[in-house]
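A.B. asks: Residue 36 in my numbering sits at position 34 of the sequence shown; the count goes up by one each step and never skips.
Below is one structure. I have some questions about it.
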Amino acid sequence: MRFHEYEDWLEREHAAIETELEPGCVQVGPFLTPTEYPDSPPWKMEWAVIFPDGNFFRVTENWFARTTSLIRRGERKHFSFHYGPANPLRDAEGLPVRSQNYPAIFRADCDRHSPHLHFAGEDHVGQGRVAGLRIDQLEPFDFARAILKYRATGDGFDTILKFKVTT
């Protein structure tokens with residue numbers, strides 16, 4: 003995907019979900035930042051919504067350059083989608099500062115540990131134990147909508163995202 007395609011997609015998806023947010027939410031971002039050259043990979047996207055009850059979600063994606071035959075195209079290699087209590091301390095952009103004192107209620111990551119979930123009190127539930135959900139295919143706005151549905155209905159994340167964790 004090219005930067006401008008991602009930017010257009012981000013604007014459309016963000017505009018669509020803004021109408022679904024609870025009253026009183028505070029949005030931080032979304033921030034879309036090319037990290038080396040304008041309009042080219044790598045780039046980073048970060049967006050958070052802080053709810054009136056003190057919980058929040060944050061979605062972060064890192065896109066990197068693809069092979070030279072696909073110049074100026076990026077692919078998502080790392081992401082972290084987090085929902086849980088918000089640390090009252092904020093960074094310079096207004097995002098809750100990460101802290102082990104405020105653990106995730108639900109999180110989906112693709113990082114050096116490969117795709118995994120933090121779910122039901124268990125960290126690093128790998129893809130091999132998750133049926134029905136390709137963690138690496140989860141999109142930030144699908145995650146955000148799952149959080150909104152969880153908050154509205156109380157249904158479990160496994161029910162909302164239609165996955166099952168095996169032992």
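Even for Gly, the Cβ is constructed at its ideal location relative to N, Cα and C.
Predicted, not measured: the structure shown is a model, and the values here were computed from it.
Would you list, in sequence order, the uninterrupted beta strand (DSSP E) runs of no fewer than 3 residues that lie entirely inside the region 97-128?
C.D. replies: For the region 97-128, whole beta strand (DSSP E) runs of length 3 or above, ordered along the chain, are 108-113, 116-121 and 124-128.
A.B. asks: Let's see if you can read the secondary structure: which residues bound the alpha helix (DSSP H) around residue 18?
C.D. replies: 5-20 is the span of the alpha helix (DSSP H), which, as asked, contains residue 18.
A.B. asks: Give the range of the beta strand (DSSP E) segment to which residue 78 is assigned.
C.D. replies: Start and end: 76-87.
A.B. asks: What does the alpha-carbon distance come out to for the pair residue 64 and residue 78?
C.D. replies: Answer to the nearest angstrom: the Cα atoms are 6 angstroms apart.
A.B. asks: Taking its Cβ as the centre, do 16 or more other Cβ atoms sit within 10 Å of residue 156, making it buried, or is it exposed?
C.D. replies: Exposed, since its Cβ has fewer than 16 Cβ neighbours within 10 Å.
A.B. asks: Quick one: grab the DSSP three-state call for residue 151.
C.D. replies: DSSP places residue 151 in helix when its eight states are reduced to three.
A.B. asks: What residue range is occupied by the uninterrupted beta strand (DSSP E) comprising residue 52?
C.D. replies: Counting along the chain, the beta strand (DSSP E) containing residue 52 begins and ends at 45-52.
A.B. asks: Which word fits residue 120, buried or exposed, when buried means at least 16 other C-beta atoms lie within 10 angstroms of its C-beta?
C.D. replies: So residue 120 counts as buried.
A.B. asks: When you compare only the Cα positions, how much space is there between residue 19 and residue 52?
C.D. replies: Taking the straight line joining both Cα atoms gives about 14 angstroms.
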